[in-house]
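Participant: Protein chains in written order, with the numbering used here: chain A, 118 to 585; chain B, 408 to 845. Here it is, the structure in full.
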Amino acid sequence: MPEDLKHIADDYRWGFRDEVEPELALKGLTPETVRKISEAKGEPAWMTEFRLKALEAFFKMPMPKWGPDLSALEQKLDDFYYYVKPPSRGPAESWEEVPEEIKKTYERLGIPEAERKVLAGVGAQYDSEVVYHKIKEELEKKGVVFVSIEEGLKEYEELFKKYFAKIVPPTDNKFAALNSAVWSGGSFVYVPPGVEVEVPLQAYFRVNTAGFGQFERTLIIVDEGAKVHYIEGCTAPLYTTEALHTGVIEIYVHKNAHSRYTTIQNWPTNMYNLVTQRAIVEEGGYHMWLDGNLGSKVTMKYPSSILKGRGARSEVLSIAFAKTGQHLDTGAKLIHLAEDTSGQIVSKSISKGEGRSSYRGLVKVSKNANRARANVECDALLIDPESKTDTYPYMEINNETAQIGHEATVSRLADDQIFYLQTRGLPEDEAAALIVRGFIEPVAKELPLEFAVELNRLIELEMEGSVG
Amino acid sequence: MIDVLPTNPEELAARLSEPGWLKEARTGAQAVFEAVPWPTRKTEEWRYAAGRLKEVPFELPLALPRGRRLSRDQLPAGVKRRLAEAELAGFLVFVGADLVYAELPEELKAKGVVFTSLHQALAEHPERVEANLYKAIPARQKGDANDKLPALAAALWTHGVFLYVPAGVEIGGPLGVFHVAEPGELAIGRTLVLLDDHAQAAYIEEHLSEKPGAAVHLGMTELFLRPGARLAHANVQTLNPESHRLYRQRAVLEKDAALNDLMVNLGARFARAEVGSELVGPGADSEMLGVYFAAGDQHHDHHTLQHHVAPHAKSDVYYKGTAKDRGTIVYQGLIKLEPTAQKTDAYQTNRNLLLSREASVESVPQLEIAANDVRCSHGSSIAPIDEEQLFYLATRGIGRKGAENLLVAAFLEDVLGRIALKNLAAYLARVIEEKVRG
């Protein structure tokens, strides 16, 4: 349904473009580009070296042969901008210091409003540099670090170096290597032992230059017994050039710590979104990945939790909504390395028009992980006859005491349910939207309020005229 | 692993007095074999079995027909034991590549049933063989490493089974085929089963060893079920623990055809079974059952495919397995629904039980769904023996070891309750219980 595509393009809410001239823009993928990025950021020599080695690894590794078709992306890797520095001088301390153009963008994104409500700090990323950043004073007093990744490297080099690329090494996969070579922007979070961050830390990302690939890098360290919830939302204006986003998110959850990472991506439908997200969870620790994938042309993202310490737990909850022209290949991985570790994966996907959503996951139990337990539940909802869904769950079990289960169902938007709701006075569109909302409810109920509201609006918009 | 065919397929065709089309098919398959690589760990379908494939001694001499015939009394002891209890309507016995004995009641022959070696069928029913052979399992399908073994088999098969059941004919008891492996040989066989409209049959193929020593068996089975045909099919492998077995099966189900299939892997050092059904006619129904039990250093590897092309068809996979000692078991399965397959019912269940620290299991149940008005689900589980059940049995005076054996046997035999061949089920239950006690 080509009209469907057009409809999405016309309605794309964040599809406005600000006239902000970048200070420095580096196109093409060469060691020269990598050196210039490192130089522009004033990085220590070890980081420059790290980036160059990662670039070498990137060139050596083949494109993934499985999953979505990346051939069109491969053709144009040299056409992307690998670094764009906006004309702003470092992080702004207060809202007043943020440039007017950028402010306007944020206003349209609803950030200041959100901040006034509950936000502890806003680390909003405008292209590659964090231009606006604020942390509530009490957090600073508690010793919580919430800064841009660049600032993290500058101000907390030792801590940074101890964890950086230790969870996701550059050789992990081709796009982790690419990110490691050209990373720019993202957050650095450190929560000291025993500190509970009551309100979620939020960072908004925007990609603003045509053909610009964003290489966000986030490192979160939750020390012993600490607690944090980090939220990231992604949105970008719509351009004709196909754009690229390859992020690397590393989270270290120490003993008895509790962390949650929430992200909703709503990239435009010409974006390749190839992200590596991984957490290591120590003894008694807990980590939740809450993952929403709505936008992008192609997404490949499989949030992983390595349950390293005894009794470590993890949950991965995800929602994907694939429309015509989109292939969302998402999933989760649980690696059980220790005794009494447990995990749960709940994946809800919706495919509409010719959209294709795939679940690809792994549950691995090592020889020593006695009494490991994991449960995987994947449900797919297909709206139209042309819609597609796939499920590829891998279970690799090397311990005889493990209890592992996987269940998946595929169903369609049922006529009888719509009919029933119509008899109760609901118009057809609203009935369909209600059913879809009910379908994703087990995951959506865990979303922060702003996201939940946004998601509901999006579903209503998408379900207009979709039945009949 | 071999890079060139150990035997020239043209010479083989001449030696076996085959028609020109078959010689050409063999040389065509040779070209495919030489063009595609061997599967490696990076070949998705072989990720858990590529290591074992490397150990398979393909360099063993190819088993060739040597014209051996045996009387019923001379049949291998293992076959005779099975015959005594199997209550078969007819049977064939192969030793290596020789069909050494065949029995089929005149009454069935009179109805037009053909149950013989493939080469005899080539002589007597050439058009039926030519129209169907290689049609479900061609030498070249994907053009990648997955074609390596089918190409090898297409180029060099030396013996096989042909079963034809005419339209409307129903065969009362099951037909049996026994393949006795000869140590030190690479045996390559094919089976071609054709059930015409509304025909009904039961077919059991058993692979066994009489002697110790490594043998390799590469087998391809093609099953064609015309509209309304019904087939109960079983493939049972109890080879000695030095042997290697590589097997692919494809069934093509037309309108309202029904298949009840059972794959059993109990023997061999390395056994791989790829069992697939193509549902090309509406109303087709494919029930695919599997039982496997790896002990010692055994590796049992299973792949199922439920390929729905037609609307209103149904398929159901139920595979259960156990591993003890250093045994490793693998289940990979795919339900694939084409956009034309609306109103499909497709299910897939895999259950596994690990009995020792060194045993391992890999389970990968997959779905690829391109139609929306369908009912489709799958489930997989890996769980230890239920402590509560052990406790219950203990209260009834059954010791832990005995209770465990009982529960493992019950776990596996659960599948047997769904096969259409009751006599075979009783035999398999006995073999499983022996192995559990092992």
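The beta-carbon is built from N, C-alpha and C at its ideal position, and this holds for glycine as well.
1. Since B/A701 meets chain A, which of its residues come closer than 7 Å, beta carbon to beta carbon?
2. Going by other Cβ atoms of all chains shown within 10 Å of its Cβ, with 16 needed for buried, is B/W428 buried or exposed?
3. Listed in chain order, which residues of the region 515-535 of chain A have Cβ atoms closer than 7 Å to some Cβ of chain B?
4. Applying a beta-carbon distance threshold of less than 9 Å, which residues of chain A neighbour B/L761?
5. Assuming B/Q739 and B/V724 form a contact by the criterion Cβ under 8 Å, report the distance between their Cβ atoms to the nearest whole angstrom.
6. Which residues in chain A have a C-beta closer than 7 Å to the C-beta of B/V768? List them in chain order.
7. Which runs of the beta strand (DSSP E) at least 3 residues long sit entirely within the region 620-661 of chain B? Give them in chain order.
8. Give the DSSP bridge partners of B/F498, in chain order.
9. DSSP puts A/F305 in a beta bridge; with which residues?
10. Measure how close the beta-carbons of A/K469 and A/K440 come, nearest whole angstrom, since I'm counting them as under 8 Å.
11. Do A/I338 and A/Y378 have their beta-carbon atoms positioned less than 9 Å apart in this structure?
12. Name the chain A residues whose beta carbon is nearer than 7 Å to that of B/A777?
13. How close, in whole Å, do the beta carbons of A/I348 and A/Y369 come, if the pair is a contact with beta carbons under 8 Å?
14. Which class does B/N667 belong to by DSSP, given the choice of helix, strand or coil?
15. Pick out whichever of B/E685, B/P416, B/N642 and B/L638 has its Cα sitting closest to the Cα of B/M627.
16. Give the DSSP bridge partners of A/F438, in chain order.
17. What residues are listed by DSSP as bridge partners for B/S424?
18. Here's a check: name, in chain order, each residue in its chain whose Cβ is nearer than 6 Å to the Cβ of A/A550, leaving out the five neighbours to either side.
19. At the level of alpha carbons, what is the spacing between B/E694 and B/V687?
20. Given that a residue counts as buried once 16 or more other Cβ atoms are within 10 Å of its Cβ, and exposed if not, what is A/S459?
21. What does the alpha-carbon distance come out to for the pair B/P648 and B/G674?
22. Can a CB atom of chain A be found closer than 9 Å to the CB of B/L712?
23. Can you list the residues of chain B that A/L187 reaches, using a CB-CB cut of under 7 Å?
24. Taking the straight line between their C-alpha atoms, what separation do you get for B/V847 and B/L813?
25. List the residues that DSSP assigns as beta-bridge partners of B/F465.
26. Does the beta-carbon of B/A816 have 16 or more other beta-carbons within 10 angstroms, so that it is buried, or is it exposed?
27. What residue from B/I805, B/S616, B/R679 and B/V439 has the CA that sits closest to B/A701's CA?
28. List, in chain order, every chain A residue whose beta-carbon is nearer than 7 Å to that of B/G697.
29. What residues are listed by DSSP as bridge partners for B/L712?
30. Residues of chain B with a CB under 8 Å from the CB of A/L501: which are they?
31. With contact counted as at least three CB pairs below 8 Å, one residue from each stretch, are the region 512-529 of chain A and the region 488-502 of chain A in contact?
32. Can you grab the Cα-Cα spacing for the pair B/Y552 / B/L774, in whole Å?
33. DSSP three-state label for A/Y273, please.
34. Please give me, in chain order, every unbroken run of the beta strand (DSSP E) with length at least 3 that falls completely inside the region 540-585 of chain B.
35. Using a Cβ cut-off of 8 Å, pull out every chain B residue sitting near A/W183, in sequence order please.
36. In this structure, does DSSP put B/Q749 in helix, strand or coil?
Facilitator: So, from the data block:
1. Correct list: empty, because the minimum Cβ distance to chain A is about 13 Å.
2. exposed
3. N515, E517, T518, A519, Q520, I521, G522, H523, E524, A525, T526, V527 and R529
4. From the beta-carbon of B/L761, the residues of chain A found nearer than 9 Å are I514, N515, N516, E517, T518 and A519.
5. Their Cβ separation, rounded to whole angstroms, is 11 Å, which puts B/Q739 and B/V724 out of contact at 8 Å.
6. I514
7. 623-632, 637-645 and 651-660
8. B/E510 and B/G583
9. A/V264 and A/L336
10. 5 Å
11. no
12. K505
13. At roughly 18 Å, the Cβ-Cβ gap does not stay under 8 Å, so A/I348 and A/Y369 are not in contact.
14. strand
15. B/N642
16. Answer is A/I467, bridged to A/F438.
17. According to DSSP, B/S424 bridges with nothing at all.
18. I576, E577 and M580
19. 15 Å
20. buried
21. 6 Å
22. At a cut-off of 9 Å, the C-beta of B/L712 has no neighbouring C-beta in chain A.
23. For A/L187, there are no neighbours in chain B by C-beta distance under 7 Å, as the nearest C-beta there is about 17 Å away.
24. Summary: the structure shown does not reach residue 847 of chain B, with chain B confined to residues 408 through 845, and so no result is reported for it.
25. B/F465 is not bridged to any residue.
26. buried
27. B/R679
28. Going along chain A, no residue has its Cβ under 7 Å from B/G697, so there is no contact; the nearest lies around 17 Å.
29. B/G683 and B/L741
30. Position check: residue 501 of chain A holds Asp in this sequence, whereas Leu was assumed. The contacting residues are N779.
31. yes
32. In the sequence on display, residue 552 of chain B carries Ala and not Tyr. Approximately 22 Å between the Cα atoms of the pair.
33. coil
34. 566-572
35. E451
36. coil
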